[in-house]
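Peer 1:
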Amino acid sequence: MTDCLFCKMAAGEIQPDVVYEDEQVLAFRDINPQAPVHVLVIPREHIATLNDLEERHAELVGRLYLAAREVARREGIAERGYRTLMNCNADAGQTVFHLHLHVLGGRPMGWPPG
Ligand code: AMP
Ligand code: ZN
C-alpha cells in the first residue's frame with residue numbers, strides 16, 4: 035500500500051524510532067505516547083484491521099506477540115507488567131489502518147479501559 039504510513043515505515047521510506055525488528059515485524063515508539071513506554075508492533079505486510087486477518091496469518095500474529103514480549107524485556111517493563119492491545123475500527127478508536135499491537139507500560143493501567 036503506497037499511501038499507508040506504516041507500510042512506508044516497514045519499507046524504510048520513513049524512519050520511526052525502532053525498538054525491535056525482524057523479517058516479519060517492526061516495533062517502534064508511538065509518536066504520541068500514552069504511557070512512559072508506548073511501542074507499536076506492526077507486521078511488515080499490510081493488513082488493515084483485525085477483521086482482515088486470515089488463517090494464513092496465524093503464525094504472523096504469534097510473531098507480533100513474540101516481538102511484544104521482546105520489547106517489554108528490552109524496555110524493562112516485563113516483570114512489573116504491561117498491556118498489549120489492538121484497536122479495531124471506529125468504536126475502538128482505530129486511526130491508522132495498518133494492523134498494530136500497542137505495548138504500553140511503565141505505569142499502572144486502569145481497568146476497564148476508556
Ligand atoms: P490506533 O488509534 O490504535 O489506530 O493507533 C494509532 C497510533 O499510531 C496512535 O497511538 C498514534 O499516536 C500512532 N502514530 C500515528 N502516526 C505515527 C507516527 N508517524 N509514528 C509513530 N506513531 C504514530
Ligand atoms: Zn500498510
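Numbers 35 to 148, taken from my numbering, label the letters of the sequence shown in order.
Glycine is no exception: its CB is placed at the ideal position from the N, C-alpha and C atoms.
(1) Excluding five sequence neighbours on each side, which residues of the same chain lie with their C-beta closer than 6 Å to the C-beta of Thr118?
(2) What does the alpha-carbon distance come out to for the pair His72 and Thr129?
(3) Just to check my reading of the structure: Arg78 and Val53 have Cβ atoms closer than 8 Å, yes? What is that Cβ distance to the nearest angstrom?
(4) At a cut-off of 8 Å, is Cys122 close to ligand 2 when judged by its beta-carbon and the heavy atoms of the ligand?
(5) Helix, strand or coil: how does DSSP classify Phe62 here?
(6) When you compare each of Gly140, Pro146 and Trp145 to Ala69 by their alpha carbons, which one comes out closest?
(7) Going by the DSSP bridge assignment, what does Glu55 pair with across the sheet?
Peer 2: The structure says:
(1) By one-based count along the sequence shown, residue 118 stands at place 84. Spatial neighbours of Thr118 in its own chain (CB-CB distance under 6 Å, excluding positions within 5 residues in sequence) are listed in chain order as Ala102, Leu135 and Val137.
(2) For this step, residue 72 is matched to residue 38 along the sequence shown. For this step, residue 129 is matched to residue 95 along the sequence shown. His72 and Thr129: Cα-Cα distance of roughly 16 Å.
(3) Here the question's residue 78 lines up with position 44 in the sequence shown. Here the question's residue 53 lines up with position 19 in the sequence shown. Contact doesn't hold; Cβ gap of about 15 Å is too wide.
(4) Numbered from 1 along the sequence shown, position 88 holds the residue referred to as residue 122. For ligand 2, not one heavy atom lies less than 8 Å from the Cβ of Cys122.
(5) Looking up residue 62 in the sequence shown gives position 28. Secondary structure of Phe62 (DSSP, three-state): strand.
(6) Reading the sequence shown from its first residue, position 35 is the one you call residue 69. The option with the nearest alpha carbon to Ala69 is Gly140.
(7) Locating residue 55 in the sequence shown gives position 21, where the first residue counts as 1. Answer by DSSP bridge pairing, in chain order: Leu60.
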